[in-house]
Amino acid sequence: MDLKQEFVRVFGAGGEIREYFAPGRVNLIGEHTDYNGGHVFPCALTIGTYACARRREDRRLRFYSMNFPEAGILESTLDDKEYRKELGFSNYPRGVILTAAQEGYRAEQGMDILYYGTIPNSSGLSSSASIEVLTGYILKDLFGFDFDGIANAKIGQRAENEFIGVNCGIMDQFAIAMGRKDSAIFLDTATLQYEYAPLKLDGVKILIMNTNKKRGLGDSKYNERRAECESALRDLQRAVDIKTLGDLDEEGFVLYSDMIRSQVCMKRARHAVFENRRTIRAAEALRAGDIPEFGRLMNESHVSLRRDYEVTGPELDTLVEAAWEQEGVIGARMTGAGFGGCAVSLVKEEYLPVVMDAIGKTYREKIGYEPTFYIAETGDGPSRIG
Ligand code: GLA
């Protein structure tokens with residue numbers, strides 16, 4: 001598809017039009033740990049968001065998405081600082097541009113940007129973070145700003161927290177801004193220290209399974225989970241000197257968990273603590289080439305997300321449990337925020353067709369509609385492609 005041609009059709013010719021790409025991400029393990037000072041283990045994908053952009057002479061901002069053509073051109077200006085519902089998806093790039101300005105990267109001219117995303121919406125593969133990081137990258141490239149990938153990730157996260165109103169952690173924006181082909185990123189969200197872990201998956205593929213269930217109330221539930229973890233942390237801090245739940249190990253948690261006044265908050269915190277430790281172990285297992293152990297930890301992660309964090313639901317549970325029954329599946333779990341979206345699994349290559357067939361059949365029978373499968377290819381972070 002010729003994106004520049006589409007850009008000219010939508011916005012008209014003239015000026016220098018540049019083309020860009022930023023990936024989506026899939027998280028292998030370490031779920032709901034990133035706002036609890038824990039570890040995460042995501043990788044960037046080859047599906048993502050494409051864009052064409054050019055600077056304007058005035059202060060207008062014009063956005064268009066080929067994924068929402070019915071919305072037409074969404075227009076605002078650099079001086080318009082409020083979130084506005086009628087501006088739809090363009091609130092994501094607007095949030096990034098306004099946040100970057102607050103951080104000292106102030107564009108004095110507007111832009112026209114056309115987006116085209118290949119990440120299914122609401123799939124939990126971070127289409128919104130992909131747009132955010134891509135916009136940060138465009139801003140940097142068009143105006144010559146000097147910020148690195150980590151700063152870009154932080155701008156995206158702040159835009160999501162303060163402008164969009166979702167209290168997400170840093171994982172998605174970081175995984176996208178810092179992505180590297182054939183690697184997962186082992187990130188300590190407390191310190192932002194990170195390490196690229198080569199994905200040595202001989203004969204094993206990363207299979208993503210989409211429930212095709214829209215996330216719906218996901219955002220409010222997400223903020224609720226986060227608040228529950230914060231409440232548990234405050235209770236624990238009465239007895240033990242920790243900054244985040246990630247500072248506790250399993251024994252520490254068992255010792256102090258009685259301090260947590262609410263049973264629900266206790267379960268949320270138990271997930272956060274144990275999931276963080278599982279993620280550290282999973283990174284070790286990968287380093288040692290122990291893929292079966294990695295898969296076992298993925299399964300454990302799902303059980304904990306189902307029982308303690310309660311973010312799976314029948315659709316994700318059906319996909320994952322059907323996967324567990326299949327020969328050739330090394331591990332499977334939900335990925336991303338949950339409440340719908342996708343599951344991720346490690347599958348021996350030669351079993352893939354049979355596995356997809358069997359899981360699809362079970363899902364159709366129990367849930368009543370089709371799941372979608374993608375064999376994930378890992379990719380690099382954002383770049384200019386034309
Ligand atoms: C969403 C958020 C991330 C992270 C995951 C759950 O993707 O954007 O920050 O919290 O959920 O692990």
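Just so we're aligned: 117 in this note's numbering is position 117 of the sequence shown, and the numbers increase by one with no gaps anywhere. Yeah, the Cβ is synthetic: ideal placement off N, Cα and C, and Gly gets one too.
Assigned secondary structure, Ala168 (DSSP; H/G/I helix, E/B strand, else coil): Translated into the one-based positions of the sequence shown, residue 168 becomes position 168. For the record, residue 168 in the displayed sequence is Cys; it is not Ala. Correct three-state label for Cys168: coil.
May I have all residues whose beta carbon comes closer than 5 Å to any heavy atom of ligand 1, sorted in chain order? Glu31, His32, Asp34, Cys168, Gly169, Met171, Asp172, Gly336 and Ala337
State the beta-bridge partners of His39 as determined by DSSP. Numbered from its first residue, the sequence shown carries residue 39 at position 39. Beta-bridge pairing links His39 to Asp188.
Quick one: grab the DSSP three-state call for Pro23. Here residue 23 corresponds to residue number 23 of the sequence shown, with the count starting at 1. It is a strand residue.
Around the C-beta of Val344, are 16 or more other C-beta atoms found within 10 angstroms, so that it is buried, or is it exposed? Counting from 1 along the sequence shown, the entry for residue 344 is found at position 344. With 16 or more other Cβ atoms within 10 Å, it is buried.
Whole-angstrom Cβ separation of Val26 and Leu187, contact assumed at under 8 Å? In the sequence shown, residue 26 corresponds to position 26, counting from 1. In the sequence shown, residue 187 corresponds to position 187, counting from 1. That belief does not hold up - the Cβ atoms of Val26 and Leu187 are roughly 14 Å apart, past 8 Å.
Ile260 classed as buried or exposed, judged by whether at least 16 other C-beta atoms fall within 10 angstroms: On the sequence shown, position 260 is the one that residue 260 refers to. By the neighbour-count criterion, in which 16 or more other beta carbons inside 10 Å mark a residue as buried, Ile260 falls on the buried side.
Segments assigned beta strand (DSSP E), at least 3 residues, entirely inside the segment 98-123: 111-117
Which residues mark the beginning and the end of the alpha helix (DSSP H) in which Tyr137 is found? For this step, residue 137 is matched to residue 137 along the sequence shown. It spans Ser127 to Phe143 - the alpha helix (DSSP H) in which Tyr137 sits, taken as one unbroken run.
If you drop the 5 nearest sequence neighbours on each side, which residues of the same chain put their C-beta closer than 7 Å to that of Gly124? Taking the sequence shown and counting its residues from 1, one reaches residue 124 at position 124. Taken in chain order, the residues that qualify are Thr335, Gly336, Ala337, Gly341 and Cys342.
Residues bridged to Pro371 by DSSP? Residue 371 sits at position 371 when you count from the first residue of the sequence shown. According to DSSP, which records beta bridges pairwise, Pro371 is partnered with nothing at all.
Rounded to whole angstroms, what's the CA-CA distance from Met178 to Ala153? Just pull it up for me. Numbered from its first residue, the sequence shown carries residue 178 at position 178. Numbered from its first residue, the sequence shown carries residue 153 at position 153. Near 8 Å, if we compare the C-alpha coordinates of Ala153 and Met178.
Answer with buried or exposed for Thr191, where buried requires no fewer than 16 other C-beta atoms within 10 angstroms of its C-beta. By 1-based counting over the sequence shown, the position of residue 191 is 191. Label assigned to Thr191: exposed.
Between Arg270 and the rest of its own chain, which residues show a CB-CB distance below 6 Å, the 5 nearest in sequence each way excluded? For the purposes of this step, residue 270 is taken as the residue at position 270 of the sequence shown. If we look at Arg270 and ignore the five residues flanking it on each side, its Cβ neighbours are Asp308.
CA nearest to the CA of Arg238, picked from Glu228, Asp258 and Thr378: Here residue 238 refers to the residue found at position 238 when the sequence shown is read from its first residue. The shortest Cα separation from Arg238 among Glu228, Asp258 and Thr378 belongs to Asp258.
For Gln193, which residues does DSSP report across the bridge? Position 193 of the sequence shown, counting from 1, holds the residue named residue 193. DSSP output for Gln193 lists Asp188 as bridge partner(s).
Note down the Cα distance separating Ile131 from Thr49, rounded to an integer number of angstroms. Your numbering for residue 131 matches position 131 in the sequence shown. Your numbering for residue 49 matches position 49 in the sequence shown. Taking the straight line joining both Cα atoms gives about 6 Å.
Span of the alpha helix (DSSP H) around Val320: Taking the sequence shown and counting its residues from 1, one reaches residue 320 at position 320. Unbroken alpha helix (DSSP H) run through Val320: Gly313 to Trp324.
Rounded separation between Met66 and Gly331 - CA only: For the purposes of this step, residue 66 is taken as the residue at position 66 of the sequence shown. For the purposes of this step, residue 331 is taken as the residue at position 331 of the sequence shown. C-alpha separation (whole angstroms): 36 Å.
Please report the distance separating the alpha-carbon of Arg62 from that of Phe68. Walking along the sequence shown from the start, residue 62 turns up at place 62. Walking along the sequence shown from the start, residue 68 turns up at place 68. For Arg62 and Phe68, the distance between alpha carbons rounds to 14 Å.
Euclidean distance between Cα positions of Glu422 and Leu245: Nothing can be reported for residue 422: it is not among the residues displayed for the chain, which extend from 1 to 386.
Can you give me the C-alpha to C-alpha distance between Thr33 and Thr77, rounded to a whole angstrom? Taking the sequence shown and counting its residues from 1, one reaches residue 33 at position 33. Taking the sequence shown and counting its residues from 1, one reaches residue 77 at position 77. Looking at the two C-alpha atoms, the distance is approximately 37 Å.
For my contact list, Phe163 and Asn91 are in at a C-beta cut-off of 8 Å; report their separation, rounded to the angstrom. One-based indexing of the sequence shown puts residue 163 at position 163. One-based indexing of the sequence shown puts residue 91 at position 91. Going by Cβ atoms, the distance from Phe163 to Asn91 rounds to 7 Å, so yes, they are a contact pair.
Extent of the continuous beta strand (DSSP E) run through Ala388: The shown model of the chain, from 1 to 386, leaves out residue 388, and the question about it has no answer.
With a Cβ-Cβ cutoff of 8 Å, do Ala159 and Met111 count as a contact? As a working mapping, residue 159 is identified with position 159 in the sequence shown. As a working mapping, residue 111 is identified with position 111 in the sequence shown. Taking 8 Å as the Cβ cut-off, Ala159 and Met111 do not qualify as a contacting pair.
Can you give me the C-alpha to C-alpha distance between Ala13 and Lys221, rounded to a whole angstrom? As a position in the sequence shown, residue 13 is number 13, starting the count at 1. As a position in the sequence shown, residue 221 is number 221, starting the count at 1. Taking the straight line from one Cα to the other gives about 44 Å.
Three-state class that DSSP yields for Ser65 in the structure shown: Residue mapping note: residue 65 aligns to position 65 of the sequence shown, counting from 1. Of the three classes helix, strand and coil, the one that applies to Ser65 here is strand, per DSSP.
Under the assumption that Glu349 contacts Lys205 (Cβ atoms under 8 Å), give the Cβ distance between them as a whole number of angstroms. On the sequence shown, residue 349 is found 349 positions in, with the first residue counted as 1. On the sequence shown, residue 205 is found 205 positions in, with the first residue counted as 1. Between Lys205 and Glu349 the Cβ distance is about 5 Å, and since that is below 8 Å, they are a contact.
Going by C-alpha distance, which of Arg94, Phe143 and Tyr115 is nearest Met1? Counted from its first residue, the sequence shown places residue 1 at position 1. When Arg94, Phe143 and Tyr115 are compared, the shortest CA-CA separation from Met1 is found for Tyr115.
Quickly, what does DSSP pair Met334 with across the bridge? List them, please. Residue mapping note: residue 334 aligns to position 334 of the sequence shown, counting from 1. Paired residue(s): Ala343.
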